Amino acid sequence: MSIILISIISFFVIKYFFFESDSEKSSFPPKSNPASEKELAEKRHINNAMQFVKQQNRNLKNKKYEEDRWKVSYGNANARDLDKLTGIEFEDFLAGLFRQQGYEVKTTAVSSDYGADLILIKNQQRIAVQAKRYIGTVGVQAVQEVLSGKAYYECNEAWVVTTGYYTPNAKELAKKSNVKLLRRSDIGQWMGN
5 MSIILISIIS
15 FFVIKYFFFE
25 SDSEKSSFPP
35 KSNPASEKEL
45 AEKRHINNAM
55 QFVKQQNRNL
65 KNKKYEEDRW
75 KVSYGNANAR
85 DLDKLTGIEF
95 EDFLAGLFRQ
105 QGYEVKTTAV
115 SSDYGADLIL
125 IKNQQRIAVQ
135 AKRYIGTVGV
145 QAVQEVLSGK
155 AYYECNEAWV
165 VTTGYYTPNA
175 KELAKKSNVK
185 LLRRSDIGQW
195 MGN
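5 is the number of the first residue of the sequence shown in this note's numbering; add one for each residue after it.
Structure (C-alpha coordinates):
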(Lines of atoms letter the chains of each structure in order from A and count residues from 1; the text may use other names and numbers.)
(Lines give C-alpha, C1' and ligand atoms only; values in the text may rest on other atoms or scores of the structure.)
Protein backbone atom coordinates (compact mmCIF):
# COMPACT_ATOMS: atom_id res chain seq x y z
CA MET A 1 0.00 0.00 0.00
CA SER A 2 2.75 2.47 0.92
CA ILE A 3 4.60 1.67 -2.33
CA ILE A 4 1.52 2.62 -4.32
CA LEU A 5 1.13 5.85 -2.36
CA ILE A 6 4.80 6.77 -2.88
CA SER A 7 4.45 6.02 -6.61
CA ILE A 8 1.42 8.30 -6.92
CA ILE A 9 3.11 11.14 -5.06
CA SER A 10 6.26 10.70 -7.14
CA PHE A 11 4.22 10.80 -10.35
CA PHE A 12 2.64 14.16 -9.43
CA VAL A 13 5.95 15.67 -8.29
CA ILE A 14 7.72 14.61 -11.51
CA LYS A 15 4.80 15.81 -13.61
CA TYR A 16 4.72 19.18 -11.86
CA PHE A 17 8.45 19.90 -12.02
CA PHE A 18 9.32 18.43 -15.41
CA PHE A 19 6.25 18.52 -17.63
CA GLU A 20 4.25 21.61 -16.65
CA SER A 21 4.89 24.94 -18.31
CA ASP A 22 6.08 27.87 -16.27
CA SER A 23 2.63 29.49 -16.40
CA GLU A 24 1.01 26.35 -14.97
CA LYS A 25 3.71 26.11 -12.26
CA SER A 26 3.03 29.63 -11.10
CA SER A 27 -0.60 28.83 -10.28
CA PHE A 28 0.18 25.80 -8.12
CA PRO A 29 1.09 26.04 -5.36
CA PRO A 30 0.15 29.70 -5.03
CA LYS A 31 2.98 31.99 -4.05
CA SER A 32 2.42 33.82 -0.80
CA ASN A 33 4.14 36.54 1.11
CA PRO A 34 5.30 35.18 4.48
CA ALA A 35 5.20 38.66 6.03
CA SER A 36 1.57 39.22 5.03
CA GLU A 37 0.59 35.73 6.27
CA LYS A 38 2.18 36.49 9.62
CA GLU A 39 0.34 39.81 9.82
CA LEU A 40 -2.95 38.12 8.96
CA ALA A 41 -2.34 35.45 11.60
CA GLU A 42 -1.59 38.14 14.20
CA LYS A 43 -4.75 40.05 13.27
CA ARG A 44 -6.82 36.86 13.53
CA HIS A 45 -5.28 36.12 16.91
CA ILE A 46 -6.00 39.64 18.19
CA ASN A 47 -9.55 39.48 16.84
CA ASN A 48 -10.15 36.09 18.50
CA ALA A 49 -8.70 37.37 21.77
CA MET A 50 -10.94 40.43 21.68
CA GLN A 51 -14.02 38.29 20.99
CA PHE A 52 -13.09 36.04 23.92
CA VAL A 53 -12.67 39.02 26.24
CA LYS A 54 -16.02 40.50 25.15
CA GLN A 55 -17.78 37.17 25.76
CA GLN A 56 -16.18 36.82 29.19
CA ASN A 57 -17.28 40.38 30.02
CA ARG A 58 -20.88 39.56 28.99
CA ASN A 59 -20.79 36.38 31.09
CA LEU A 60 -19.54 38.30 34.13
CA LYS A 61 -22.22 40.97 33.71
CA ASN A 62 -24.91 38.29 33.50
CA LYS A 63 -23.54 36.53 36.57
CA LYS A 64 -23.41 39.83 38.50
CA TYR A 65 -26.98 40.61 37.45
CA GLU A 66 -28.17 37.18 38.68
CA GLU A 67 -26.33 37.62 41.99
CA ASP A 68 -27.75 41.10 42.52
CA ARG A 69 -31.26 39.93 41.67
CA TRP A 70 -30.91 37.03 44.12
CA LYS A 71 -29.61 39.30 46.90
CA VAL A 72 -32.56 41.66 46.48
CA SER A 73 -35.00 38.75 46.69
CA TYR A 74 -33.36 36.57 49.35
CA GLY A 75 -30.31 38.33 50.76
CA ASN A 76 -31.79 38.95 54.21
CA ALA A 77 -33.70 35.68 54.45
CA ASN A 78 -33.03 33.10 57.09
CA ALA A 79 -33.85 29.41 57.17
CA ARG A 80 -37.27 30.00 58.79
CA ASP A 81 -38.31 32.26 55.91
CA LEU A 82 -37.97 29.38 53.46
CA ASP A 83 -41.37 27.96 54.47
CA LYS A 84 -43.02 31.02 52.89
CA LEU A 85 -41.57 30.28 49.44
CA THR A 86 -43.34 28.40 46.68
CA GLY A 87 -41.60 25.39 45.16
CA ILE A 88 -40.36 27.44 42.18
CA GLU A 89 -39.18 30.26 44.46
CA PHE A 90 -37.33 27.68 46.56
CA GLU A 91 -35.55 26.37 43.43
CA ASP A 92 -34.63 29.97 42.50
CA PHE A 93 -33.39 30.56 46.05
CA LEU A 94 -31.23 27.42 45.96
CA ALA A 95 -29.82 28.38 42.54
CA GLY A 96 -28.58 31.68 43.97
CA LEU A 97 -27.29 30.03 47.12
CA PHE A 98 -25.30 27.46 45.14
CA ARG A 99 -23.90 30.23 42.90
CA GLN A 100 -22.63 31.93 46.05
CA GLN A 101 -20.92 28.63 46.93
CA GLY A 102 -19.04 28.76 43.61
CA TYR A 103 -21.21 26.42 41.53
CA GLU A 104 -22.32 27.06 37.98
CA VAL A 105 -26.08 26.46 38.10
CA LYS A 106 -28.37 25.35 35.30
CA THR A 107 -32.09 25.18 35.88
CA THR A 108 -34.22 22.54 34.23
CA ALA A 109 -37.78 22.83 32.91
CA VAL A 110 -40.41 23.55 35.57
CA SER A 111 -42.36 20.48 34.49
CA SER A 112 -40.97 17.34 32.88
CA ASP A 113 -37.60 17.93 34.52
CA TYR A 114 -36.70 14.20 34.57
CA GLY A 115 -36.13 14.32 38.31
CA ALA A 116 -33.66 17.19 38.68
CA ASP A 117 -34.60 20.80 39.35
CA LEU A 118 -31.02 22.12 39.20
CA ILE A 119 -27.76 20.96 37.69
CA LEU A 120 -24.68 22.14 39.59
CA ILE A 121 -21.26 22.20 37.94
CA LYS A 122 -18.00 22.69 39.78
CA ASN A 123 -14.52 21.26 39.16
CA GLN A 124 -15.85 19.30 36.16
CA GLN A 125 -18.35 17.49 38.41
CA ARG A 126 -22.06 17.59 37.63
CA ILE A 127 -24.62 17.27 40.42
CA ALA A 128 -28.35 16.68 39.93
CA VAL A 129 -30.42 18.43 42.62
CA GLN A 130 -34.03 17.71 43.51
CA ALA A 131 -35.46 20.60 45.56
CA LYS A 132 -38.35 19.88 47.95
CA ARG A 133 -39.77 22.84 49.85
CA TYR A 134 -41.81 20.81 52.34
CA ILE A 135 -42.90 21.37 55.90
CA GLY A 136 -43.54 17.66 56.46
CA THR A 137 -41.59 14.60 55.41
CA VAL A 138 -39.90 13.83 52.12
CA GLY A 139 -40.25 10.23 51.05
CA VAL A 140 -38.46 7.71 48.90
CA GLN A 141 -39.96 9.19 45.70
CA ALA A 142 -37.67 12.26 45.91
CA VAL A 143 -34.62 9.98 46.02
CA GLN A 144 -35.93 7.98 43.07
CA GLU A 145 -36.57 11.18 41.12
CA VAL A 146 -33.08 12.57 41.65
CA LEU A 147 -31.55 9.24 40.66
CA SER A 148 -33.50 9.48 37.43
CA GLY A 149 -32.30 13.08 36.96
CA LYS A 150 -28.71 12.02 37.63
CA ALA A 151 -28.90 9.45 34.84
CA TYR A 152 -30.79 11.67 32.39
CA TYR A 153 -28.53 14.73 32.82
CA GLU A 154 -25.35 12.58 32.98
CA CYS A 155 -24.32 13.77 36.45
CA ASN A 156 -21.69 12.41 38.81
CA GLU A 157 -23.70 12.97 41.99
CA ALA A 158 -27.30 13.36 43.14
CA TRP A 159 -28.61 15.51 45.99
CA VAL A 160 -32.03 16.09 47.50
CA VAL A 161 -32.43 19.40 49.34
CA THR A 162 -35.46 19.99 51.55
CA THR A 163 -36.83 22.26 54.23
CA GLY A 164 -38.61 19.23 55.69
CA TYR A 165 -37.49 15.88 57.06
CA TYR A 166 -36.68 12.56 55.40
CA THR A 167 -38.54 9.33 56.00
CA PRO A 168 -36.56 6.26 57.09
CA ASN A 169 -37.15 4.69 53.65
CA ALA A 170 -35.80 7.78 51.91
CA LYS A 171 -32.70 7.69 54.12
CA GLU A 172 -32.16 3.97 53.45
CA LEU A 173 -32.48 4.30 49.66
CA ALA A 174 -30.25 7.38 49.65
CA LYS A 175 -27.56 5.53 51.60
CA LYS A 176 -27.66 2.50 49.27
CA SER A 177 -27.68 4.63 46.09
CA ASN A 178 -25.17 7.25 47.29
CA VAL A 179 -27.61 10.17 47.18
CA LYS A 180 -26.76 13.08 49.46
CA LEU A 181 -29.69 14.26 51.60
CA LEU A 182 -29.51 17.89 52.67
CA ARG A 183 -31.81 19.50 55.23
CA ARG A 184 -32.82 22.89 56.53
CA SER A 185 -29.75 23.00 58.81
CA ASP A 186 -27.44 22.53 55.80
CA ILE A 187 -29.21 25.37 54.00
CA GLY A 188 -28.81 27.53 57.11
CA GLN A 189 -25.08 26.85 57.18
CA TRP A 190 -24.73 27.85 53.51
CA MET A 191 -26.72 31.02 54.18
CA GLY A 192 -24.26 31.88 56.96
CA ASN A 193 -21.26 31.65 54.61
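Even for Gly, the Cβ is constructed at its ideal location relative to N, Cα and C. Owing to the predicted nature of the structure, the values given are computational and were not obtained by experimental measurement.
Judged by DSSP in its simplified three-state form, Tyr69 adopts helix.
In terms of CA proximity to Val144, Ser181 leads the group Arg130, Ser181 and Glu70. For Thr166, same chain residues with a beta-carbon under 6 Å away, outside a window of 5 residues either side, are Lys136, Tyr138 and Val142 in chain order.
Secondary structure note for Glu158: it is in no beta strand (DSSP E), with a DSSP letter that is neither H nor E.
Distance between Ala45 and Ala99, taken at the CA atoms: about 42 Å.
The C-alpha of Glu108 lies about 8 Å from the C-alpha of Phe102.
Ala178 is positioned such that its CB atom lies no closer than 8 Å to that of Ala132. When secondary structure is reduced to three states using DSSP, Ala132 falls in the strand class. Using a Cβ distance threshold of 8 Å, Ile125 and Thr112 do not count as a contacting pair. According to the DSSP secondary-structure assignment, Ile123 is paired through a beta bridge with Lys110 and Ala132.
Val150 and Lys110 have their C-alpha atoms roughly 15 Å apart. Rounded to the nearest angstrom, the gap between the Cα atoms of Tyr69 and Cys159 is 27 Å. Shown here, Val183 sits in coil according to DSSP, grouped into three states, outside any helix or strand.
Here Gly106 has Lys126 as same chain residues with Cβ atoms under 7 Å from its own Cβ, once five neighbours each way along the sequence are excluded.
Remark: C-beta atoms of Tyr118 and Gly91 do not approach each other more closely than 8 Å.
For the pair Val147 and Ala174, the CB atoms are nearer than the 8 Å cut-off.
If you look at Gln104, you'll find it in the alpha helix (DSSP H) that goes Gly91 to Gln104.
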